[in-house]
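Which chain is which? The protein sequence lines are A and B, in order.
All residue numbers for the first sequence refer to this note's numbering, where the first residue is 23 and numbers rise by one.
All residue numbers for the second sequence refer to this note's numbering, where the first residue is 38 and numbers rise by one.
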Amino acid sequence: MNIIYTDVLVVGGGLAGLRLAVAAKQRGHETIVLSLVPPKRSHSKAAQGGMQASLGNVIKGQGDNEDVHFEDTVRGSDWGADQEVVRMFVNTAPKAVRELAAWGVPWSRVRKGDRTVIINGQKVTITERDEAHGLVAQRDFGGTKKWRTCYVSDGTGHAMLQAVGDQAIGDGVAVHERVEALALIHDGSRCYGAVVRNLITGELAAYVAKATALATGGAGRLYRVTTNAVINEGIGHAIALETGVAALGNMEAVQFHPTGIFPAGILVTEGCRGDGGLLKDVDGHRFMPDYEPEKKELASRDVVSRRMEEHIAKGKGVKSHFGEHVWLDITLLGEHHIKQNLREVFDICHYFLGVDPVKDMIPVRPAQHYTMGGLRTLPTGESPTLKGLFAAGEAACWDMHGFNRLGGNSVAETVVAGMIVGEFISDFCDREDLNIPVGLVRDAVAREQAKLDALLAGKGTESASVLKAEMQTLMTDKVGIFRTGEKLTQAVETLQQLLARSRNMGVPYKSSGANPELVTAYRTQKMLRLALTIAYGALVRTESRGAHFRNDYPRRNDAQWLKRTLATWKNDSDTLPTLGYEPLDVKRMELPPGWRGYGAKDYVDHPETAARLAEVEAIRHKLAGADRITRQQALLPFEHLLPARLRGRNERIDEPMPARAAE
Amino acid sequence: MSAVQGGQKIRLHILRYNPQKKQDAPRVQTYELEEAHGMTLFIALNEIRDKQDPSLSFDFVCRAGICGSCAMMINGRPGLACRTLTKNVGPDVHLAPLPVFELIADLSVNTGKWMRAMSERLETWVHMKQRELDLTRIERPMDPELAEKIYELDRCIECGCCVAGCGTARMREDFVGAVGLNKIARFRLDPRDGRSDEDYYELVGDDDGVFGCMSLLACHDVCPKELPLQTQIAFVRRKMAAQGLK
């Protein structure tokens with residue numbers, strides 16, 4: 023049996039995994055990253071528009087700070103987020119941008135003086151400050167009060183992944199490419215690593231580690247129409263679920279991005295609308311102001327996606343061979359802007375649609391985009407129920423996005439979580455010893471080998487690719503933007519049938535080495551469990567919150583549902599997850615639940631909301647003369663939750679820090 | 038959207054070989070399928086795998102032309118399969134794996150291994166002047182145009198097309214290729230990197246580096262990101278020649 027030992031095992035080589043690995047390696051821990059693909063090809067690369075961090079360098083970002091970013095994020099989450107974690111995040115995001123600036127990310131920079139921008143369909147001249155010249159620039163994004171999204175043209179994720187990937191190489195982080203974790207090794211209370219399959223040779227190995235981190239990204243490929251890369255199949259989520267011990271939080275919270283190109287579903291960035299692009303219907307009418315007079319195209323993604331579908335349902339969609347869509351119009355931004363700041367969008371339109379976005383409108387329709395749910399962790403990134411198992415990024419639910427993530431908060435989360443969890447995982451390794459249970463490791467490998475052998479030797483008649491396609495179509499049709507009890511019941515029943523059928527899969531191509539059909543087969547079984555976790559969680563949650571919208575329960579219901587779904591999969595033979603719930607504590611919220619400022623104004627209050635609101639008001643009133651930091655600390659202290667080296671304020675043009683003492 | 042065509046038959050002639058399998062021999066296998074509207078090679082290859090031949094190996098990740106996974110020889114020319122429309126290369130399409138790189142199986146090659154080795158050799162990361170950063174402070178300003186120039190070179194997706202199209206790479210196993218030379222040009226431009234031309238000369242001042250380039254410049258023609266490889270290689274060569282004469 024091949025056993026590989028390390029201190030830290032990171033499953034996933036995207037931004038979160040690589041940044042976490044760099045942190046652990048710099049702290050002196052041996053670190054191995056497992057990746058399905060060469061790490062620079064990970065889906066982090068597809069993040070186009072940018073990363074939110076309240077630097078406040080541009081004039082339209084003036085007055086921005088952690089407090090504003092915090093409120094935008096909590097409102098965006100429809101109060102589903104953990105407010106302490108949001109605080110940790112917003113305080114670290116500026117540090118992450120500045121670190122990446124030093125590591126070589128060519129952030130787009132502010133140019134002093136006048137420039138013309140498009141705001142609300144109109145050309146407006148704004149003047150950037152002299153003192154901001156050359157600092158990192160910000161653009162507008164949905165659901166934000168200030169221009170906060172730092173960017174590198176529209177290749178932000180690409181540039182970040184280059185820099186972090188190169189840093190990892192420079193630090194000598196080992197990356198084992200083209201391997202896949204099939205199962206976590208654990209004894210019901212402690213995680214010891216993973217059973218890993220080499221996708222070239224088909225051989226299994228046990229990777230035994232003091233600490234294991236899941237950084238496997240999202241699960242978009244559970245859906246037929248998704249912006250996600252083909253590798254985002256949620257296998258990291260699934261292997262956590264299959265431990266029976268670790269819980270997945272809020273899996274029913276699935277984001278649909280308003281602007282997937284139609285019909286391929288490839289993303290064009292929110293920056294298109296942030297920079298002034300408009301959504302138009304079959305008549306060329308700009309319809310978003312009719313629904314959202316305040317934020318228009320720049321309400322949060324869940325709201326814009328629903329309004330687009332609502333408008334199409336009213337008969338205002340554009341009919342095409344593949345179905346209906348609406349238009350994204352960025353022609354008003356002009357050729358120079360598009361070719362400079364939206365060049366990936368230009369390429370995508372050119373190659374996949376044969377459309378020149380300088381002259382023509384882009385056909386778009388919402389597509390699955392982001393998995394808010396993930397391995398439930400503490401603010402340290404560690405699972406509260408399976409010691410030694412950590413998670414970071416989209417695979418995690420620590421939980422900063424609640425039921426809807428803001429654009430620009432995901433790439434930001436990857437590096438911020440990598441920095442924070444990387445420190446805590448290092449503390450864990452400093453503190454913990456590892457007694458290797460050799461029998462347990464051997465059994466885990468044998469179990470996975472037996473499953474693969476059974477698939478290859480069996481005479482099953484079901485085709486994995488057919489089952490997978492049925493699941494994907496079902497998820498898009500029944501567990502999508504608009505959900506009902508009826509559709510979700512059908513989805514759960516059909517998924518259970520698919521799960522039963524998946525136990526009778528055959529793999530006609532018998533090679534045990536590079537065998538794409540075998541891969542589809544074992545992944546499909548895992549994906550079906552995850553799909554059931556989403557569909558069943560959505561069925562039970564009889565309210566609407568963020569991206570989870572129920573036509574039959576259209577109101578957010580804080581009285582009953584201000585709580586996080588926790589799903590576990592207790593027995594291998596189960597056909598449904600076991601659901602539990604973890605209440606969010608209103609009495610400790612810095613921003614008690616209220617109206618988001620866009621979308622429906624209709625919700626049921628939690629019984630404790632009024633009292634907490636009064637309390638927050640009283641504290642603010644009492645500290646009216648104090649600075650914002652003091653006021654904030656009185657409401658929700660968080661700095662003690664951060665690793666020591668990531669504490670401290672963030673300097674801005676308008677919030678200068680005293681000069682360093684001369685050395 | 039334009040009128041729906043489709044319905045016509047196309048044929049993919051794929052060079053197949055799995056070196057992992059004993060007794061496997063390289064051969065060309067032909068698959069026929071119906072062309073759909075807007076069909077890309079990504080769609081066509083997946084349809085073949087789902088409906089005709091589950092053993093066919095190829096690599097896709099983003100399927101949007103940004104990750105560099107799916108470079109292959111398309112009718113004899115390196116390109117990204119995911120964004121290639123079948124109507125532009127058919128009805129007979131010849132597909133082969135990229136040369137130079139280690140073959141995994143069929144159309145799948147190990148570009149990741151090659152790129153990591155190149156990165157380690159050329160030390161393609163910013164060599165920071167000071168390692169410890171005070172992250173609470175405002176970032177250092179950078180000229181906005183310089184940031185754009187760096188991004189222009191940073192757009193490389195390490196797909197391997199330039200290496201596959203390179204005459205020198207066929208002859209010299211250790212040649213760093215246009216991808217490597219472009220990276221040197223990128224870090225040379227970056228004021229955050231503390232290295233000098235003397236340091237870069239150590240890395241690429243020989244025949245496996247910039248002096249190995251024969252200026253055939255297929256790299257420039259086939260780069261899917263249209264990087265200015267011709268000017269960058271010429272620029273690095275001039276700087277390295279000057280350094281060599283010192």
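Heads up, the beta-carbon is just placed ideally off N, CA and C, and yes, glycines get one too.
Computed from a prediction, not measured in an experiment: that's the story for all the values here.
Using the beta-carbon count (16 or more within 10 Å), is residue i buried or exposed?
i                         : result
lysine 166 of chain B     : exposed
valine 386 of chain A     : buried
glutamate 515 of chain A  : exposed
arginine 295 of chain A   : buried
arginine 200 of chain A   : buried
histidine 279 of chain A  : buried
glycine 105 of chain B    : buried
proline 56 of chain B     : exposed
leucine 253 of chain B    : exposed
lysine 592 of chain A     : exposed
methionine 110 of chain B : buried
alanine 632 of chain A    : exposed
threonine 149 of chain A  : exposed
tyrosine 373 of chain A   : buried
In angstroms with no decimal places, state the Cα-to-Cα distance between residue i and residue j.
i                            : j                         : result
lysine 302 of chain A        : isoleucine 360 of chain A : 19 angstroms
glutamine 60 of chain B      : leucine 52 of chain B     : 16 angstroms
alanine 414 of chain A       : serine 327 of chain A     : 27 angstroms
valine 276 of chain A        : alanine 417 of chain A    : 13 angstroms
glycine 72 of chain A        : alanine 103 of chain A    : 21 angstroms
leucine 78 of chain B        : leucine 122 of chain B    : 6 angstroms
serine 322 of chain A        : alanine 466 of chain A    : 44 angstroms
alanine 268 of chain A       : lysine 490 of chain A     : 25 angstroms
glutamate 677 of chain A     : alanine 75 of chain A     : 15 angstroms
aspartate 86 of chain A      : isoleucine 257 of chain A : 38 angstroms
leucine 77 of chain A        : alanine 228 of chain A    : 44 angstroms
arginine 469 of chain A      : isoleucine 25 of chain A  : 15 angstroms
methionine 38 of chain B     : serine 342 of chain A     : Caution applies to methionine 38 of chain B, whose pLDDT of 38 falls short of 50 and renders its modelled position unreliable; the value that the coordinates give is listed next. So the two alpha carbons sit approximately 7 angstroms from each other.
histidine 307 of chain A     : valine 96 of chain A      : 32 angstroms
isoleucine 141 of chain A    : leucine 320 of chain A    : 11 angstroms
glutamate 255 of chain A     : aspartate 499 of chain A  : 18 angstroms
phenylalanine 344 of chain A : proline 178 of chain B    : 48 angstroms
Taking 7 angstroms as the limit between beta carbons, can you name the residues of its chain near residue i, skipping five residues before and five after?
i                        : result
alanine 181 of chain A   : Val127, Pro128, Val174
alanine 543 of chain A   : Leu477, Ala486, Met527, Val529
threonine 564 of chain A : Arg572, Tyr575
aspartate 89 of chain A  : Arg650, Gln654
histidine 51 of chain A  : Asp29, Val30, Ser448, Cys451
Which residues in the same chain have their Cβ closer than 8 angstroms to the Cβ of residue i, if we skip the five residues on either side of it in sequence?
i                       : result
leucine 517 of chain A  : Met493, Leu496, Leu550, Ala553, Leu554, Ala557
alanine 40 of chain B   : Note that alanine 40 of chain B scores a pLDDT of 42, beneath 50, so its modelled location is shaky and nothing firm can be said.
valine 59 of chain A    : Gly35, Glu199, Arg200, Ile253
tyrosine 603 of chain A : Lys585, Arg586, Thr587, Leu588
Once you ignore the five residues that flank residue i on each side, which residues in its own chain have a CB closer than 6 angstroms to its CB?
i                         : result
threonine 161 of chain B  : Lys220
glutamate 239 of chain B  : none
arginine 158 of chain B   : none
aspartate 148 of chain B  : Note on identity: in this sequence residue 148 of chain B is threonine, with aspartate being the wrong assignment. The residues are Phe138, Gly197.
leucine 204 of chain A    : Val217, Arg219, Glu470
asparagine 113 of chain A : Glu88
(request) Determine which residues of the region 247-262 of chain A have a Cβ less than 8 angstroms from any Cβ of chain B, and write them out in chain order. (result) Ala251, Val252, Ile253
(request) Could you run through the region 209-228 of chain A and flag, in chain order, every residue whose CB is less than 7 angstroms away from some CB of chain B? (result) Ile222, Thr223
(request) Select from the region 124-136 of chain A all residues with a C-beta closer than 8 angstroms to any C-beta belonging to chain B, and list them in chain order. (result) Ala124, Trp125, Gly126, Pro128, Trp129, Ser130, Arg131, Val132, Arg133
(message) What ranges does the beta strand (DSSP E) occupy inside the region 197-242 of chain A, keeping only unbroken runs of at least 3 residues that lie completely in it?
(response) 201-208, 213-220, 226-236
(request) Name, going along the chain, the residues of the region 278-294 of chain A whose beta-carbon falls closer than 7 angstroms to a beta-carbon of chain B. (result) When CB distances to chain B are screened at a threshold of 7 angstroms, the residues of the region 278-294 of chain A falling below it are Ile288, in chain order.
(request) Only counting runs of 4 or more residues, tell me where the alpha helix (DSSP H) segments fall wholly within the region 298-356 of chain A, in order along the chain. (result) Counting only runs of 4 or more, we get 310-313, 323-333.
(request) Using a Cβ-Cβ cut-off of less than 7 angstroms, give me the residues of the region 208-232 of chain B that come near chain A, in sequence order. (result) Legend: CB atoms of the region 208-232 of chain B lying less than 7 angstroms from CB atoms of chain A belong to residues Asp227, Arg229.
(request) Compile a chain-ordered list of the residues in the region 664-678 of chain A whose CB is closer than 8 angstroms to at least one CB of chain B. (result) Leu668, Gly670, Arg671, Asn672, Glu673, Arg674, Ile675
(message) Quick check for students: name the residue ranges of the beta strand (DSSP E) that lie wholly in the region 32-115 of chain A, counting only runs of 3 or more.
(response) 53-57
(request) Mind checking the region 77-108 of chain B against chain A and listing, in chain order, the residues whose C-beta falls within less than 8 angstroms of any C-beta there? (result) Within the region 77-108 of chain B, those residues whose Cβ lies closer than 8 angstroms to any Cβ of chain A are, in chain order, Thr77, Arg86, Asp87, Pro91, Ser92, Leu93, Ser94, Asp96, Phe97, Val98, Cys99, Arg100, Ala101, Gly102, Ile103, Cys104, Gly105, Ser106.
(request) For the region 187-204 of chain A, enumerate the residues whose C-beta is nearer than 8 angstroms to any C-beta of chain B, in chain order. (result) Those residues of the region 187-204 of chain A that come within reach of chain B (Cβ to Cβ, closer than 8 angstroms) are Asp188, Gln189, Ile191, Gly192, Val197, Glu199, Arg200.
(request) Give, in chain order, every unbroken run of the beta strand (DSSP E) that is at least 3 residues long and sits entirely within the region 465-530 of chain A. (result) none
(request) Would you list, in chain order, the members of the region 507-538 of chain A that have their beta-carbon closer than 9 angstroms to a beta-carbon of chain D? (result) Among the chains of the structure shown, chain D does not appear; the protein chains present are A and B.
(message) Going residue by residue through the region 363-406 of chain A, where are the continuous beta strand (DSSP E) segments of at least 3 residues, counting only ones entirely within it?
(response) Fully enclosed beta strand (DSSP E) runs of 3 or longer: 384-393, 396-398.
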